[in-house]
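These notes are about the structure you will find just below.
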Amino acid sequence: RENGFDVSDIRTGRRPGTRVCTVRDKTHGVPTLILGRDN
153 RENGFDVSDI
163 RTGRRPGTRV
173 CTVRDKTHGV
183 PTLILGRDN
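Heads up: the sequence shown begins at 153 in the numbering used here, then just goes up one per residue.
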């Protein structure tokens, strides 16, 4: 749980150099993926 949001563990994305996590609640039924660069 990060800043009031239930999110999955951060994992390696499909594209090289990216990381992703999934927001599990407060999305009103919309699947939500957070993308970021892998530094």
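Glycine is no exception: its CB is placed at the ideal position from the N, C-alpha and C atoms.
- The beta carbon of residue 186 sits closer than 8 Å to the beta carbons of 159, 172, 173, 174, 175 from its chain, once the five residues preceding and following it are set aside; these are given in chain order.
- Of 157, 180, 169, 156, the smallest CA-CA separation from residue 191 is found for 169.
- Per DSSP, residue 167 lies in no beta strand (DSSP E) and is assigned neither H nor E.
- Short of 7 Å from the beta carbon of residue 189, and not among the five residues preceding or following it, lie these beta carbons of its own chain, in chain order: 169, 170.
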